[in-house]
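These notes are about the structure you will find just below.
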Amino acid sequence: MIVGATEDGIRAFGEETVTRLVRPELLRGAAEDELTEEARAALATACANVLTISAAELHDALAAIYDGILVDDDLDPGVLTAIRALAHWHSYLEQNRRGELYELAIRSIEDVDHEVSADLDDFLATPEMAAEYERIRRLLGPGTEQ
Numbered sequence: 018m019i020v021g022a023t024e025d026g027i028r029a030f031g032e033e034t035v036t037r038l039v040r041p042e043l044l045r046g047a048a049e050d051e052l053t054e055e056a057r058a059a060l061a062t063a064c065a066n067v068l069t070i071s072a073a074e075l076h077d078a079l080a081a082i083y084d085g086i087l088v089d090d091d092l093d094p095g096v097l098t099a100i101r102a103l104a105h106w107h108s109y110l111e112q113n114r115r116g117e118l119y120e121l122a123i124r125s126i127e128d129v130d131h132e133v134s135a136d137l138d139d140f141l142a143t144p145e146m147a148a149e150y151e152r153i154r155r156l157l158g159p160g161t162e163q
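Counting along the sequence shown from 1, when you hit position 108 you're at 125 in my numbering, and nothing is skipped either side.
Pasting the structure below:
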């Protein structure tokens, strides 16, 4: 769907998906010992301004976030989701690579799966997962007008 989507469709999908993946409630689980104060501030600012921040500003924010990670591998899942989403969005903004939006779609499915634990035998059985899949199809489907 990413490959066949129109430019308008791909942009709308990216904006809606990255906004969903950096929502404030994902950042609430961050422990103070996971990120420095500067990194928490950069993360909060980048998330709050994700649709208006430039690629250069997002690059700087991501550098501050990465420099301020205080744990080796136990970052809060919501914080990790937001950081990954920002990194993919940054690459998309900077290089216009559709593959980064494919990665955002995967992160979005993983986020829903984290919330509802979808059954691998029937991945779309939960209403939440079915709704997310339909959102993706709606935004990226052929001939979709925004």
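The C-beta atom is built at its ideal place from N, Cα and C for all residues, glycine as well.
For residue j and residue i, the rounded distance between their alpha carbons
i: residue 150; j: residue 26; result: 15 Å
i: residue 42; j: residue 21; result: 32 Å
i: residue 99; j: residue 64; result: 8 Å
i: residue 59; j: residue 31; result: 21 Å
i: residue 66; j: residue 143; result: 31 Å
i: residue 141; j: residue 148; result: 9 Å
i: residue 7; j: residue 28; result: Given that the chain is displayed from residue 18 to residue 163, the structure contains no residue 7 and the question cannot be resolved.
i: residue 62; j: residue 53; result: 14 Å
i: residue 19; j: residue 116; result: 8 Å
i: residue 88; j: residue 75; result: 22 Å
i: residue 91; j: residue 44; result: 14 Å
i: residue 163; j: residue 126; result: Here residue 163 scores only 43 on pLDDT, less than 50, and its place in the model should not be relied on; the value that follows carries that caveat. Each residue's Cα considered, the two are about 22 Å apart.
i: residue 77; j: residue 49; result: 21 Å
Which of helix, strand or coil DSSP assigns to residue i
i: residue 28; result: helix
i: residue 52; result: strand
i: residue 153; result: helix
i: residue 37; result: helix
i: residue 62; result: helix
i: residue 146; result: helix
i: residue 57; result: helix
Enclosing alpha helix (DSSP H) for residue i [first to last residue]
i: residue 94; result: 94-112
i: residue 121; result: 115-133
i: residue 77; result: 72-84
Nearest neighbour of residue i, chosen from the options [CA to CA]
i: residue 129; options: 116, 94, 117, 113; result: 94
i: residue 86; options: 148, 55, 134, 46; result: 55
i: residue 80; options: 107, 65, 92; result: 107
i: residue 70; options: 155, 96, 146, 111; result: 111
i: residue 152; options: 33, 24, 28; result: 33
i: residue 118; options: 91, 157, 61; result: 157
i: residue 24; options: 84, 114, 46, 49; result: 114
Own chain, CB closer than 7 Å to residue i, minus 5 neighbours either side, in chain order
i: residue 102; result: 35, 38, 39, 121, 124
i: residue 131; result: 94
i: residue 133; result: 143, 145, 146
i: residue 104; result: 79
i: residue 68; result: 32, 36
Residue i at chain B interface by Cβ criterion, 8 Å
i: residue 110; result: Included in the structure is just one protein chain, with no chain B present.
Close beta carbons around residue i, own chain, < 8 Å, minus the five adjacent residues each side
i: residue 72; result: 107, 110, 111
i: residue 46; result: 93, 94, 95, 96
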